[in-house]
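In what follows, a single structure is set out as structure tokens and then discussed.
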Amino acid sequence: LHEFIHHYLIDRKLKLPFEYHEALGDILGNYGTIEFAEQSPYVNKNRAIAQRSRNESLYRAINKSIERINRDSTQVSRVNTWCQRKVNKVLGEDLFQNDRFNYTVNNAFLFRYRAYTEKYFVLKKLLKKQKSIHGLLSIVEKGPSNPKDFERYLHEIR
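Those letters in the sequence shown? Residues 216 to 373, by this note's numbering.
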């Protein structure tokens, strides 16, 4: 589902700012899987909810680490160590999440995952307000292509 959104945006010729592409993909992956599980005997809803919860815990740790480093860049090593402990604790035995997140936390790790995590909770709030993935996508489709205008547009809706 995550990769589907990239094709959807291209096919619809939507000029979504970059930082929203990956976040929207993860929203669709996390919440779309849960919605699918409600209608399918092949996906366990509780497992889908647990995976979303683990993903969101990882996103919060990454976002918090970036915020802490931005506030005080002399604490990079300490913050990276803190984030590494959080990541290791959340990952557990989940193969998919280990494949995706089980790397040494450093500046490159935080920079890589920022595209997924930075705007995720903005979109999650909109998803909850719209009450459906379809509602969220309709908001995204109507948004302006300029990143600053898009950001302002979303804040007006929230």
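The C-beta atom is built at its ideal place from N, Cα and C for all residues, glycine as well.
Within the same chain, I277 come within 6 Å of Y328 by CB-CB distance, once the 5 residues on both sides are set aside. Burial is judged here by how many other beta carbons sit within 10 angstroms of a residue's own beta carbon; F316 has at least 16 and is buried. Here N317 carries a coil assignment [DSSP, helix/strand/coil]. If you draw a 10 Å sphere on the C-beta of A323, you find fewer than 16 other C-beta atoms in it, and that means exposed.
Annotation: P359 to F233 spans about 13 Å, alpha carbon to alpha carbon. E250 is a Cβ neighbour of I348, given a cutoff of 9 Å. Sorting K301, E333, Y257 by C-alpha distance to the C-alpha of Y318 places K301 at the top. At a Cβ-Cβ threshold of 9 Å, V305 and R269 count as neighbours. For A238, the closest of Y274, R283, N261, T296 by C-alpha to C-alpha distance is Y274. Taken through DSSP and simplified to helix, strand or coil, G244 comes out as helix.
Counting along the chain, N285 sits inside the alpha helix (DSSP H) bounded by residues 260–286. Judged by DSSP in its simplified three-state form, L239 adopts helix.
Taken through DSSP and simplified to helix, strand or coil, S292 comes out as helix. Within the region 332–372, the complete alpha helix (DSSP H) segments at least 4 residues long are 335–345, 348–357, 362–372, listed from N- to C-terminus.
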